[in-house]
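Count the sequence shown with my numbering and you get residues 3 to 194, in order.
Data block below; observations after.
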Amino acid sequence: MASNSEKKPGIFQWIIVIIVPLIFALVLTFVVLQFMGIDVVSKSKDVLNQVPFISEKITTDEEASQQSELEEKDSTIEEKNNQISNLESQIAEKDSQIEQLQSEVEELSTQLSEMEAENSEESGPSTESVEEYVTSFEAMDPETAAPIIENMENQLALATLQSMGSEVRGEILAAMESETAATFADQLLNQE
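Okay, here's the thing in C-alpha cells:
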C-alpha cells in the first residue's frame with residue numbers, strides 16, 4: 003500500500019511546469035512581433051526602463067549615444083589639456099629665451115655706453131683743456147689768435163670760441179678769413 007500512494011509534486015516540478023511554458027510563450031510572442039515589424043527590443047527597453055531597479059541596469063539607445071558623446075568629449079578635453087600643457091611649456095621656453103636676450107641687450111647696451119664714453123673722452127676736448135685755451139687766446143692779440151684757431155680741430159675750435167666772452171670772440175672772428183668766420187659763427191648758432 004505504501005508503494006501505491008502518489009507522491010506530491012515538489013516545488014521544482016511546479017517551477018518547471020510554470021516557467022517552461024512561460025518562456026515558450028515569450029519567445030513565440032517575440033518572433034510574431036518581429037515578423038509584424040515591431041521593434042520588440044527597443045520597446046522592451048523602454049518598458050523596462052520605467053521599472054525601478056531594472057532601469058539602472060538597462061541602457062537605452064539615447065543613453066548609449068549620450069555615453070558615447072560623453073566619452074568623445076572627455077577624449078577631446080584630454081587632447082586639449084595636452085595641447086595646453088605643450089603650449090605652456092613652449093611659453094616657459096620662450097620666456098627664458100626672452101630673459102636671456104634681455105640680459106644680452108643690457109650687456110650690449112652697457113658695452114655701447116662704455117664705448118661711447120671712451121670715444122667721447124678721446125674725441126671731444128676736455129673742459130680743462132678748453133679753459134686753458136680760452137685763457138691763452140684771450141691774453142693774445144686777436145690777429146695772432148685767429149689763424150691759430152682756424153687751423154685747430156673743428157670741435158676744439160668751436161668749444162674754445164663758445165667758452166670765450168662775446169667781445170673777445172667777436173674780435174677773433176673779425177680777424178679770421180670771412181668764409182671761416184662765417185662757418186664758425188653758423189656752427190656756434192646751431193649749437194646754442
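Beta carbons: idealized from backbone N, C-alpha and C, even for Gly.
Cβ contact (3+ pairs, closer than 8 Å) linking the segment 100–107 and the segment 130–143: Contact between the segment 100–107 and the segment 130–143 is absent, because fewer than three Cβ pairs lie under 8 Å.
C-alpha distance - D188 paired with I93, whole-angstrom precision: 56 Å
Spatial distance of A184 from D97 (CA atoms): 57 Å
CB contact flag (E140, M178, <9 Å): no
Extent of the continuous alpha helix (DSSP H) to which E179 belongs: Looking at the DSSP string, E179 is not in any alpha helix (DSSP H), and its letter there is neither H nor E.
Three-state secondary structure (DSSP) of P11: Secondary structure at P11: coil, using DSSP grouped into helix, strand and coil.
Among D143, G167, F186, nearest to M154 - alpha-carbon criterion: F186
Cβ neighbour criterion (16 or more within 10 Å) applied to T146: exposed
Beta-carbon separation (whole angstroms), Q157 vs L190, contact threshold 8 Å: Contact doesn't hold; Cβ gap of about 12 Å is too wide.
Check whether P144 and A176 have beta carbons under 9 Å apart: Result yes, Cβ atoms of P144 and A176 sit closer than 9 Å.
Beta-carbon proximity check, F32 vs V42, cutoff 9 Å: yes
For A119 and T112, the rounded distance between their alpha carbons: Their Cα atoms are separated by approximately 10 Å.
Classification of L160 by the beta-carbon crowding that lies within 10 angstroms, buried from 16 upward: buried
Between the CA atoms of I100 and G167 - distance to the nearest angstrom: 54 Å
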